[in-house]
Ligand SMILES: Cc1cc2nc3c(=O)[nH]c(=O)nc-3n(C[C@H](O)[C@H](O)[C@H](O)COP(=O)(O)OP(=O)(O)OC[C@H]3O[C@@H](n4cnc5c(N)ncnc54)[C@H](O)[C@@H]3O)c2cc1C
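Numbering (the working numbering), first residue to last: 207 to 871.
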């Protein structure tokens, strides 16, 4: 691992204390003002992050920047002089500005996320955030993964790559239908006893690329799960049904006969029932109360969310930690439903196991070649699984990479990547919003779901994370950042997700690893992003927000009474993505899609590859177009349908839950 020199370290520490300064403010009962960022060890974690995550050339660039600052004596200057140096350095070149803002963001993130020896962070008391609240239980996990020996060859009926929403569902349904199943999951196995309710720990352990992934063009941040249960282990449990327009489009334009009518309702109901989805746990925290009040004031449509959460185990004061792993056991993702069904029926589940390629002969699947990595020693072992059927469900970011490495799937592999590009806005209110309490998503504002052509946007809530939010509010002046964060308790973050019209792609780099590109240049999508920013601003203001801030620290804030149109126009002038309004995606879809034409789709309308029999697409990659709804439910219903096609067995019907979609009060 590359290291900084002693002087570079001193400069980095001074930079952290410029981004998160100690300020002489009285009274200071919690020590919020007098504590500098470095008191948390943020400079050390930032260095570790830079050394492990950045490519070597970028790390060298940071070293050069720090050396340049050292020659100006940055580390010995007063705060105001340090700010001036950062300002001048940022003005030198766009690359320098990006590097400095990245360092500021990292400083703010780690300073607000690192716990002390008591498991608390010194800034949280100011925010009224309790931090970790419950010691994890000591219960043994239900699932014990199968550990392969080096060179082991497993024989099975079906091998499933990926254990998330799609792969987990297919493994469970196929096992219940009497098939022998092997699941290969690149992430580790986790259970309630591993969850410490800390974002720094959870990001590294449970998320794709440690929670820090970006498209190659830096346009869109990518969030996905990488653990047993995939996205369903870390997600926000919002079960949003696909609209009638999307189902019609998939049936009529992409040949998925039966998705428009009652057959697909049956699949949706089956997975909702297995997850025990309900509306009893959708407690409205401050941000959701503001969303509902704003929507009411504006006459906009707003609905209670349906969550796959067990009401018997649900505790609203713990629900806000769900992305860090749900310590209560209330979350009913595939880890606690379909993967258990598979395991209990005898499926072998391999973790830390990366599927390299699908094996095939004469246009027919024969198995999978994979590598197991021992999490302690990092020693690797080769594993081969022989099977008549292979389900590729590695998520829409990685499924195309598996297919491309295998040389199957045809010309559409990796094309049509959709991301539901999303952005967020903080409203600052007069009172404490207790945004950490309650589920991240408890209501959905869907007034603009269809802007006339089946495309549009949804407004939803967000997981509460002081580190990530501080990163998003890392203003280009440390004093201003700290002043803003002093009112963090009064903030509500709301997001919009757009149903994207344009798209991106997944290709392979020289090492055979996935490269994601997404240009964000589709005029229809840009219009939706503009609409999303306006809708968030109007909603917050109707609910009483006094100030508005984007999740983009370089964008100006807005104060009630100022000219809203002028502010929105100034935002619209910025690019969307790299160098402009920050965009993110927790919804990746469509990169190995289903359809009737082998030139524009990878799998046929049953989910089986056009060009290789016995290979099935089991995840969100299979969506012909974006779902326009949070994808988990649609993915699982489609996977349920694919599993029936694969096994030839109609799944037993669990009893359907009652879904009361009344407008929230
Ligand atoms: C923070 C967050 C919150 C979300 N909240 C919601 C929500 O409230 N409602 C909703 O509907 N959706 C939500 N989503 C999205 C939802 O979780 C995903 O759309 C869904 O999980 C995708 O299912 P999938 O099967 O396509 O992929 P995943 O669930 O991502 O599963 C893919 C699995 O494959 C594994 N894998 C990857 N490559 C390989 C390989 N080569 N070999 C073996 N294994 C591999 C991965 O580690 C992963 O576990 C959220 C997502 C995030 C990140």
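Every residue, glycine too, gets a C-beta built ideally from N, C-alpha and C.
Every value quoted in this text rests on a predicted model; they were computed, and no experiment measured them.
Beta-bridge partners of residue 699, as assigned by DSSP | For residue 699, which the question treats as bridged, DSSP gives the partners 632.
If residue 276 sits next to residue 222, beta carbons under 8 Å apart, how far is it from one beta carbon to the other, in whole angstroms?
-> About 15 Å separates the CB atoms of residue 276 and residue 222; that is not less than 8 Å, and the two are not in contact.
Can the beta-carbon of residue 521 be found less than 8 Å from the beta-carbon of residue 542?
-> no
Along the chain, where does the alpha helix (DSSP H) that runs through residue 375 open and close?
-> 371 to 382
Can you name the start and end residues of the beta strand (DSSP E) that residue 790 belongs to?
-> 789 to 791
DSSP three-state assignment for residue 385, whether helix, strand or coil = coil
Residue 368 and residue 599 closer than 8 Å at C-beta | yes
Is it buried or exposed for residue 318, if we count other Cβ within 10 angstroms and need 16 for buried?
-> buried
Have a look at residue 459 and residue 622 and give me their C-alpha separation to the nearest angstrom.
-> 15 Å
Residue from 506, 505, 525 and 507 whose Cα sits closest to the Cα of residue 514 | 525
Have a look at residue 443 and residue 668 and give me their C-alpha separation to the nearest angstrom.
-> One C-alpha to the other measures close to 11 Å.
Cβ-based neighbour list, residue 818, same chain, cut-off 8 Å, excluding 5 preceding and 5 following = So the qualifying residues of the chain are 564, 566, 569, 570, 571, 614 and 615.
Between the CA atoms of residue 431 and residue 438 - distance to the nearest angstrom | 8 Å
DSSP state of residue 487 mapped onto helix, strand, coil = coil
Under 6 Å Cβ to Cβ from residue 707, same chain only, skipping five residues before and after it: list those, please.
-> 661, 728, 730 and 731
Under 7 Å Cβ to Cβ from residue 267, same chain only, skipping five residues before and after it: list those, please.
-> 305
May I ask which residues mark the beginning and end of the alpha helix (DSSP H) holding residue 800?
-> Taken as a continuous stretch (DSSP letters only), residue 800 belongs to no alpha helix (DSSP H), as it is neither H nor E.
Between the CA atoms of residue 851 and residue 607 - distance to the nearest angstrom | 24 Å
Would the stretch 650 to 665 and the stretch 791 to 801 be scored as touching if the rule is three or more Cβ pairs under 8 Å?
-> no
Distance, residue 388 Cα to residue 554 Cα = 5 Å
Any chance the stretch 251 to 265 sits against the stretch 328 to 348, with 3 or more Cβ pairs inside 8 Å?
-> Not touching, per the Cβ criterion.
Cα-Cα, which of 823, 320 and 812 is closest to residue 464?
-> Residue nearest to residue 464 within the set 823, 320 and 812 is 812 (criterion: CA-CA distance).
With a threshold of 7 Å, establish whether the CB of residue 478 neighbours any heavy atom of ligand 1.
-> Short note on residue 478: C-beta not closer than 7 Å to any heavy atom of ligand 1.
For ligand 3, any of its heavy atoms closer than 7 Å to the Cβ of residue 421?
-> Absence of ligand 3 is noted for the structure shown, with ligand 1 being the only ligands found.
On the three-state DSSP scale, how would you describe residue 870?
-> Below a pLDDT of 50, predicted positions are generally treated as unreliable, and residue 870, at 38, falls in that range; the measurement from the model is reported next regardless. Coil, per DSSP.
Any idea what DSSP makes of residue 465, helix, strand or coil?
-> The answer is coil: DSSP assigns residue 465 none of H, G, I, E or B.
Taking the DSSP output, what are the residues bridged to residue 555?
-> 389
Are the beta-carbon atoms of residue 314 and residue 225 separated by less than 8 Å?
-> yes
From the DSSP output, in three-state form, read off residue 766 for me.
-> Three-state DSSP puts residue 766 in coil, outside helix and strand.
Under three-state DSSP, which class holds residue 444?
-> strand
Whether residue 854 touches residue 831 by CB criterion (8 Å) | In this structure, residue 831 does not lie closer than 8 Å to residue 854 by Cβ.
When every heavy atom of ligand 1 is checked, does at least one fall within less than 7 Å of the C-beta of residue 757?
-> no
Integer Cβ distance of residue 798 from residue 609, believed to fall under 8 Å = 6 Å
Inter-stretch contact (C-beta, 8 Å, three-pair minimum) for the stretch 738 to 747 and the stretch 497 to 508 = yes
Of the choices 349, 752, 653 and 841, whose alpha-carbon is the least far from that of residue 505?
-> Comparing alpha-carbon positions, the option among 349, 752, 653 and 841 lying closest to residue 505 turns out to be 653.
Could you check where the alpha helix (DSSP H) with residue 296 kicks off and where it finishes?
-> 285 to 298
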